[in-house]
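So the structure is just underneath, and the comments pick up after that.
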Amino acid sequence: MYWHQRSRLNYLRFGGRHARFFHITATQRRQRNLILRLNNEREEWVTSPRGISDIHHFNSIFIVLVVHVILTFQMYLNGLN
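Quick note: the sequence shown uses the numbering used here, first residue 12, plus one each step.
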């Protein structure tokens, strides 16, 4: 978030005078944020865009987190009774 805000401040400060500079920095940011491969649940590297989109790593993390929150809340409610 810091760099995003900083780039906006630079654009406001320098305007269109440095259009080439801003194009280069945006291109570099896009390349840096590009995900070329991910490790799946079987610890295999997946490099195809279709395979990367099929990995549901964050879904499993979210489910575990929700279950933990529910169990913690139930323990809290049981402690009140």
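Built from N, CA and C at the ideal position, the CB exists for glycine as well.
- About 30 Å separates the beta carbon of ILE81 from that of ILE63, a gap too long to meet the 8 Å contact definition.
- The Cβ atoms of LEU91 and ILE66 lie no closer than 8 Å to each other.
- Just so you know, the alpha carbons of GLN39 and ALA30 end up roughly 14 Å apart.
- Membership of ASN44 in the alpha helix (DSSP H) is indicated by the continuous run 30-44.
- In the structure shown, the three-state DSSP call for ASN50 is strand.
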